[in-house]
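Position 304, counted from 1, in the sequence shown is what the working numbering calls 294; the numbers after and before it change by one each time, with no gaps. Even glycine gets a Cβ: it sits at the ideal position worked out from N, Cα and C.
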Amino acid sequence: MDGAHHSGLTVKGLGSGRPLTGQLIKERHVRLMVFVMAFFMIFVSCRNDKKQNPRMTGDADIDAVTEAIDKNPGDAALYYQRAKKFYEKKSYDLTIHDMMKAMSIDSLNPDYYHLLSDAYLDYMNSNGALKAMNKVISLYPERIPSLLKMSELKYILEDYDGSILTLNEVVRLDKNNSEAYFMLGNNFRALGDRERAINAYQTCIEMDSKLTDAWISLGELHEEKKDPKALTYYESAILSDPSSMQALHAKAYYMQNHGKIKEAQEIYRQIILTDRSYADAYLNSGLLYMEVDSTDRAYEQFDLLTAVAPTNYLGFYYRGLVSKSRGDKERALKDFESAYSLNPKDKKIEEAINSLKPKN
């Protein structure tokens, strides 16, 4: 998504995509590993110190579940519990391993398939994610949470027609399911059908006025039509959840794009005071300070952005631009090179670096 503006550039959000296809799990040296593991387990069994147990991770919560599994190896729920902890740690291969074990004990728990699907998806194995969801739906063809999850998975994989077909089944089963209409709105929007998307989101909020994301989406779609009602939708989003930083950000972005810089800066300040890790607020605030040539304040915002989001190249790039405008070419070049190391595909960074190199 795009957002805060500076010299024709807009940066609304810093969301990053993730690859969803490709099998990364490979088997290799099987016979050697079987021999090594057999020897290793004999060696380990002779030791009483659990710190030498290779299954002990050093994470107290995970290791506590491992000990419980040792005592109750036939308890599927324990493997599920540990898998969730592995998933939180982004250890997707270990999550998958534990879920396979849990499902070998209990193959009928739908929650197990949901977590397995999530792990496969984050492990860049979309085929495995789909297989897990197809299996649970074959077991429970009218289970609405599973159908909704399948529709979300298809949406992520850009199978919008397939997602809509799944959602139509949800609506057939439960015509008042607000989440289904929200997802329908997302799919219609992705397909470029703005009016059907608006109708779906409108139906969603009529069923559940607390669905903040639907209010924000309505605001964005009306803003695309240059309809001033967009601001009303953003304000309704804030009313639906005053703690939503996304809702506040949406209103601030609207304000800045309509020349209300002071009001936008005030909202960004409110966001930062509430959630100091909300990177977009620093970025947009800094860009607005650049618009009014307040380089000190702009530098401060970009400097904070590099601290809270050190993998976001834009913080380094814009901090470099401020340093360059101050005549500090050495510091600017250092920041441009940092930005380039994080995102070498952005041509404007390469151009910025070249602009500081001596001409032959």
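Using a 10 Å radius around the Cβ and a threshold of 16 neighbouring Cβ atoms, would you call residue i buried or exposed?
i	result
GLY209	buried
GLY276	buried
THR156	buried
GLN13	Legend: pLDDT at GLN13 = 31, less than 50; position of this residue unreliable, no value from coordinates given.
ARG207	According to the sequence shown, residue 207 is Ser rather than Arg. Flag for SER207 reads buried.
MET90	exposed
ALA176	It should be pointed out that residue 176 corresponds to Asn in this sequence rather than to Ala. With 16 or more Cβ atoms within 10 Å of its Cβ, ASN176 is classed as buried.
VAL282	exposed
SER81	buried
GLY305	buried
ASN166	exposed
PRO348	exposed
LEU229	exposed
ALA240	buried
ALA329	buried
ARG266	exposed
ASP51	exposed
PHE25	The pLDDT assigned to PHE25 is 35, lower than 50, so where the model puts this residue is not dependable, and the model offers no usable value.
ALA187	buried
ALA227	buried
At what residues does the alpha helix (DSSP H) containing residue i begin and finish?
i	result
GLU290	285 to 298
HIS87	82 to 95
PRO100	100 to 112
GLU159	150 to 163
Grab me the residues of residue i's own chain with a C-beta within less than 8 Å of its C-beta, minus the 5 sequence neighbours each way, in chain order.
i	result
GLY(-2)	At GLY(-2) the pLDDT is 34, less than 50, meaning the model places this residue with poor confidence and gives no usable figure here.
LYS358	Because the chain spans -9 through 350 in this model, residue 358 falls outside it and cannot be assessed.
LYS324	GLY310
LEU98	LEU129
LYS250	none
LEU332	THR301, ASN302, TYR303, PHE306
Do residue j and residue i come within 8 Å of each other at the CB atom, strictly closer than that value?
i	j	result
ILE257	ALA242	yes
ALA269	ASN247	no
MET140	MET123	yes
SER153	ASP198	no
ASP164	LYS200	no
TYR191	ALA170	no
LEU138	ALA119	no
ASP96	ALA66	yes
ILE339	TYR307	yes
LEU235	THR264	According to the sequence displayed, residue 235 carries Met and not Leu. Their beta carbons are under 8 Å apart, which means MET235 touches THR264 by this criterion.
ASP49	TYR69	no
ARG72	ILE86	no
ILE127	SER136	yes
TYR150	ALA180	yes
PHE172	CYS194	yes
ARG316	THR285	yes
My output table needs one value for residue i: the three-state DSSP class, helix, strand or coil.
i	result
GLU341	helix
MET46	coil
SER234	coil
PRO131	coil
LYS74	helix
ARG316	coil
SER199	coil
ASN177	helix
SER116	helix
ASP336	coil
ASP265	coil
GLY310	helix
THR222	helix
ASN189	helix
GLY79	Correcting the residue type first, residue 79 is Lys in the shown sequence and not Gly. Three-state DSSP puts LYS79 in coil, outside helix and strand.
LEU304	helix
ALA242	helix
LEU211	helix
GLY276	helix
LEU143	helix
LYS252	helix
ASN124	helix
ASP51	helix
LYS61	helix
Tell me which residues share the same chain as residue i and place their Cβ nearer than 6 Å to its Cβ, disregarding the 5 neighbours each side in the sequence.
i	result
ASP336	none
GLU253	MET245
ARG287	TYR279
ALA322	GLY310, SER313, LYS314
ALA92	ALA66, TYR69, TYR70, TYR102
LYS319	LEU346
So, at 7 Å on beta carbons, what are the nonlocal neighbours of residue i in its own chain, with the 5 sequence-adjacent residues on each side left out?
i	result
TYR289	ARG309, VAL312
LYS74	LEU105
GLU132	LEU163
HIS212	LYS219, ALA220, TYR223
LYS125	TYR103
VAL161	ASN167, ALA170
Does the Cβ of residue i lie closer than 7 Å to at least one heavy atom of the ligand SAH?
i	result
ARG179	Ligands are entirely absent from the displayed structure, and the ligand SAH is therefore not among its contents.
Answer yes or no: does any C-beta atom of chain C fall closer than 8 Å to that of residue i?
i	result
LEU277	Looking at the structure shown, chain C is missing, and only one protein chain is on hand.
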